[in-house]
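When we follow this note's numbering, the leftmost residue of the sequence shown carries the number 318, and every step to the right adds one.
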Amino acid sequence: MSLLHLAILSPFLLAIFIPILYKLFRKVHTGWFVLPLPILLFSYFLSFISITSTHQTITESVPWIPALGVDFIAKVDGLGLLFALLITGIGSLVVLYSIYYLAKDKEKLNTFYVYLLLFMGAMLGVVLSDNLIVLYTFWEFTSFSSFLLIGFWYDREKSRYGAQKSMLITVFGGLSMLGGIILLYIMTGSFNISEIIDQAAAISTSPLFIPALVCILLGAFTKSAQFPFHIWLPDAMEAPTPVSAYLHSATMVKAGIYLVARMTPVFASEGLWLWLVAGFGIVTLFWGSFNAVKQTDLKAILAFSTVSQLGMIMSLLGLGAAALHFDDIDNSFFGAATAAAVFHLFNHATFKGSLFMVVGIVDHETGTRDIRKLGGLMNFMPITFTLAIIGTFSMAGLPPFNGFLSKEMFFTGMIRVTELNIFNFETWGMLFPVIAWIASVFTFIYSMILVFKTFTGKYQPEKLEKKPHEAPMGMLISPIVLASLVIIIGFFPNILSNSIISPALESILPNNDIDVHISFWHGFKPELFMTIGVIALGILLFLTLPKWRKVYNIFPKKLTFNRLYDSGLEMIQHASNKLTKTYMNGSIRSYLVYIFAFFIFILATTIAVKNAFTFDTSNISSIGFYEVLLALAVVIGSISILFVKSRMTAIILLGAVGYTVSLFYVLFRAPDLALTQLVIETISVALFLLCFYHLPKNRNEERNRFKLTNAIISIGVGAIVTVIALSAHSNKVFDSIAEYYVENTYTEAAGKNMVNVILVDFRGFDTLFEITVLTIAALGIFAMIKLRMGGKKKNENK
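This is the structure:
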């Protein structure tokens, strides 16, 4: 295993030891044991910049399932490195922040950091895997670990609801994505992303191309909270603030962005890809910013802000995708649009991460996030106020912060859309700059609401749970670092041009030589006037907010996407309960009827359709007198059980049948199997007798009544099993493996008892897992008995 693979798996390895460290060092915050890992990983990935900046890649492979073409291929290119640096860099700051945010005597820190490390490792696996099956495995692990993180405070109903909602929506998208991956494999014969990209032109005419495209986008849209799948993200804000700062600014929600960027070389030739990615992105941008304005919870504002910003990045990726397959179009436009997407992806992680931490500080020091209760905190929390100004002004796209630069690039891309003459962009494309500008106005408004409604205005101490004061320096370090990056990148944006942005562009738009140069001043161009218009109208609407905010009351609450989701779940639960009650009647006999009837139907249909029944007597051994005698004894004993009136007699007959079967093994020279059968029958009979006393009274009249259904099912199961056994014996596709064991038992395992050697050596893992299963079952039975006994004692004490 290479060092790169170890870097990806290291969070999982550390997670194993966190509970041990938590117990051994109770007086030390567990976060201090976690913090060194993301810092080391961040330093390690920084060393790759010198390689990716020259447009080179590093690839390491470890075989996993070679027979299916699934290898753990770790690949570091410009795009993967950008995400790896965000995951580890923001991860380091989040862990440091969490050390001061989460009290070690009040929270289950061992659980929290195990979940966080699992998520970090899963995200690294997603962005650094070149095999789609491996990527999908890590992808679903991000859904699982984020579910645990969002529901960390599981005693709160809203936390459980948010965790369930995120899991259901993202896992639905993940399953759709798996379908797309399988379709790509059918078309290309490979799961490796690099090989699929090489065959992109060949598969674009396949009838499976469009279904694969749609399935892949469903996975990306659900994970990145694109409209209308955005509804899970606001509810996920019930997670602790460090989780929100990590998952919803730099990592999980960016996974869908990563998938679209990574698969752009495969699907960009199809106009549907451009319209779906750019169209859903621009709608999400507007819808998120529009809904953010009406929120009264600081984290809810940031949640819808994240939805909006993700839509902005997605729309840029959609428009920039056409650079790959349309040589007659000015590729500099598409390159600029994609560069804006990559640049804003980085900028968003910096200012949104710092804002989440600022909101966490406000909540931590005042006891509330409700802006209706806040105000006048500037005098009590000057450093936090400064950080909020930097983050919100960058989010609003104001100079001199980094958000202004990427927002100007965004406006440039939206204006240039109207110049295109492909895929009907020359007509419908006119909507893009209009929607982008309106959404930017709302972005400006909610940014001003977030900072000024919290830190200026009237101070309301009677509405606060705590007396506000500045946060400790340990909690401020992380947002200060991120806010510093907002300013530094704002003044010196080109330090990222060749080191980060250009290599990432090469991964998204291969073989396109695009010069990335970012500057503040572009002259008096339309995007400058768009920005001036956003600021002017934004200020006006912010100052008159109470007068027009009632517009949100026009929308009926019963017609929201959240209501649709909740109603859908209720309908599914109601339908499933109604269906379940039709067959779950508490009768074991009924359940067996369903199971065996299905068993008969499926197998009989398969045999009939495939014409699989054959009966070849050429390989059947001769049947001796004793075998016939024993067979008759088994048949007579089995049939007799049906007619005896005494339960004791039935148990004895059942044991006799089992003991007779063991005699077959003696005749066939299998003493070990005979001994095993005897032991099992003895134990079974003993258990039946022990339970005899607790069985309900035998109602002979009901017991002896003939039941046609039982007879049909019994005869059907017996007949179908017999047919399968005869057909299997008559249709031997491969040579018997028995000769292999005969020849190798002694030479390979030094054992003369063939059965023992097979169980212990050749099939040792099977035996081990069978023992494990039995052990688990035994422990479960023991636990249930103990619980029941404990319940009886409590009742007796009452």
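Quick reminder that beta carbons are idealized off the backbone N, C-alpha and C, glycines included.
Look at the alpha carbon of residue i and the alpha carbon of residue j, and state the distance between them as a whole number of angstroms.
{"i": "Val768", "j": "Thr369", "result": "38 Å"}
{"i": "Cys532", "j": "Gly596", "result": "17 Å"}
{"i": "Glu1056", "j": "Thr1064", "result": "13 Å"}
{"i": "Asn1061", "j": "Phe985", "result": "21 Å"}
{"i": "Ile924", "j": "Thr999", "result": "37 Å"}
{"i": "Tyr882", "j": "Met440", "result": "27 Å"}
{"i": "Phe837", "j": "Leu722", "result": "7 Å"}
{"i": "Lys1115", "j": "His891", "result": "Low local confidence applies: a pLDDT of 48 at Lys1115 is under 50, so the model's placement there is unreliable, with the coordinate-based value given in what follows. Rounded to the nearest angstrom, the two C-alpha atoms are 38 Å apart."}
{"i": "Phe603", "j": "Asn448", "result": "35 Å"}
{"i": "Lys783", "j": "Ala617", "result": "21 Å"}
{"i": "Ala967", "j": "Ser957", "result": "8 Å"}
{"i": "Phe436", "j": "Ser1047", "result": "52 Å"}
{"i": "Tyr1058", "j": "Leu1091", "result": "27 Å"}
{"i": "Asp1078", "j": "Ala987", "result": "18 Å"}
{"i": "Gly1097", "j": "Glu1087", "result": "15 Å"}
{"i": "Glu1018", "j": "Leu971", "result": "A caution first: Glu1018 carries a pLDDT of 45, below 50, which makes its placement in the model unreliable, though a value can still be read off. Between Glu1018 and Leu971, the C-alpha separation is close to 21 Å."}
{"i": "Lys775", "j": "Asn608", "result": "25 Å"}
{"i": "Leu385", "j": "Thr454", "result": "15 Å"}
{"i": "Phe1099", "j": "Ile1093", "result": "10 Å"}
{"i": "Gly807", "j": "Val833", "result": "15 Å"}
{"i": "Ser566", "j": "Phe915", "result": "49 Å"}
{"i": "Asp645", "j": "Glu736", "result": "Its pLDDT being 47, under 50, Asp645 is placed unreliably by the model, and the measurement read from it follows with that caveat. Rounded to the nearest angstrom, the two C-alpha atoms are 13 Å apart."}
{"i": "Leu886", "j": "Ser463", "result": "21 Å"}
{"i": "Pro716", "j": "Thr623", "result": "20 Å"}
{"i": "Thr899", "j": "Lys1024", "result": "21 Å"}
{"i": "Leu398", "j": "Gly684", "result": "38 Å"}
{"i": "Thr539", "j": "Leu466", "result": "18 Å"}
{"i": "Gly306", "j": "Glu725", "result": "Given a span of 318 to 1115 for the chain in the structure shown, any question on residue 306 remains unanswerable."}
{"i": "Lys690", "j": "Leu860", "result": "19 Å"}
Per DSSP, which one or two residues make a beta bridge with residue i?
{"i": "Pro380", "result": "Asp388"}
{"i": "Asn509", "result": "Asn448"}
{"i": "Ile375", "result": "Val393"}
{"i": "Asp989", "result": "Bridge partners of Asp989: none, in fact."}
{"i": "Asp614", "result": "Asp687"}
Would you give the residue range spanned by the alpha helix (DSSP H) that residue i belongs to?
{"i": "Asn608", "result": "Gly588 to Ala609"}
{"i": "Ile806", "result": "Met790 to Phe808"}
{"i": "Pro750", "result": "Leu748 to Phe772"}
{"i": "Val560", "result": "Thr558 to Leu564"}
{"i": "Lys864", "result": "Leu862 to Trp865"}
{"i": "Gly975", "result": "Arg964 to Leu984"}
{"i": "Asn1027", "result": "Leu1025 to Ser1047"}
{"i": "Ser367", "result": "Ile366 to Thr369"}
{"i": "Asp552", "result": "Trp549 to Asp552"}
{"i": "Trp349", "result": "Gly348 to Val351"}
{"i": "Thr539", "result": "Phe526 to Lys540"}
{"i": "Phe334", "result": "Leu320 to Leu341"}
{"i": "Glu424", "result": "First-last for Glu424: undefined, no H or E at that position."}
{"i": "Phe942", "result": "Phe942 to Ile958"}
{"i": "Lys344", "result": "That residue, Lys344, is in no alpha helix (DSSP H); it is neither H nor E in DSSP."}
{"i": "Ile825", "result": "Ser819 to Ile825"}
{"i": "Tyr471", "result": "It is not in any alpha helix (DSSP H) - Tyr471 carries neither H nor E in the DSSP assignment."}
{"i": "Ala519", "result": "Ala517 to Ile520"}
{"i": "Thr581", "result": "Met569 to Phe584"}
Checklist line | Complete alpha helix (DSSP H) runs within the segment 1058-1085 (minimum length 4 residues, chain order) | finding: For the segment 1058-1085, whole alpha helix (DSSP H) runs of length 4 or above, ordered along the chain, are 1071-1074.
Next item on the list: Kindly provide the ranges of any alpha helix (DSSP H) runs that are 4 or more residues long and lie completely inside the segment 887-927, ordered along the chain.
Entry: Whole alpha helix (DSSP H) segments, 4+ residues: 905-927.
Check: Would you say the segment 477-493 touches the segment 501-511, given that touching needs at least three Cβ pairs under 8 Å?
Finding: Flag = no, the segment 477-493 and the segment 501-511 do not touch.
Notebook entry, point to check: Where are the alpha helix (DSSP H) runs, 4 residues long or more, that stay fully inside the segment 659-728, in chain order?
Noted result: Counting only runs of 4 or more, we get 699-713.
Check: Should the segment 849-858 be regarded as contacting the segment 755-767, the criterion being three or more beta carbon pairs within less than 8 Å?
Finding: With the cut-off at 8 Å, the segment 849-858 and the segment 755-767 touch.
Check: Does the segment 378-396 touch the segment 333-342, meaning 3 or more C-beta pairs lie closer than 8 Å?
Finding: In short, these stretches do not touch, since the Cβ pair count stays below three.
Item checked: Given 8 Å, three or more beta-carbon pairs between the segment 708-717 and the segment 661-676 -> Segments in contact, yes.
Margin query: Contact between the segment 411-429 and the segment 529-549 is defined here as three or more beta-carbon pairs at a separation below 8 Å; is this criterion met?
Written below: Under the Cβ criterion (8 Å, minimum of three pairs), the segment 411-429 does not count as touching the segment 529-549.
Next item on the list: Pair every Cβ in the segment 816-836 with every Cβ in the segment 357-374, then say whether three or more of these pairs are closer than 8 Å.
Entry: By the Cβ test, the segment 816-836 is in contact with the segment 357-374, since at least three Cβ pairs between them sit closer than 8 Å.
Check: Pairing CB atoms from the segment 845-852 with CB atoms from the segment 511-530, are three or more of them under 8 Å?
Finding: Contact annotation: the segment 845-852 does not touch the segment 511-530, with fewer than three C-beta pairs closer than 8 Å.
Check: Is the number of C-beta pairs between the segment 784-798 and the segment 691-698 that are closer than 8 Å three or more?
Finding: Yes: at least three Cβ pairs fall under 8 Å.
Check: Is it true that the segment 944-958 meets the segment 915-924, where meeting means three or more beta-carbon pairs spaced less than 8 Å apart?
Finding: Cβ pair count under 8 Å is below three, so no.
Notebook entry, point to check: Taking contact to mean at least 3 C-beta pairs separated by less than 8 Å, is the segment 795-812 in contact with the segment 725-735?
Noted result: No, the segment 795-812 is not in contact with the segment 725-735.
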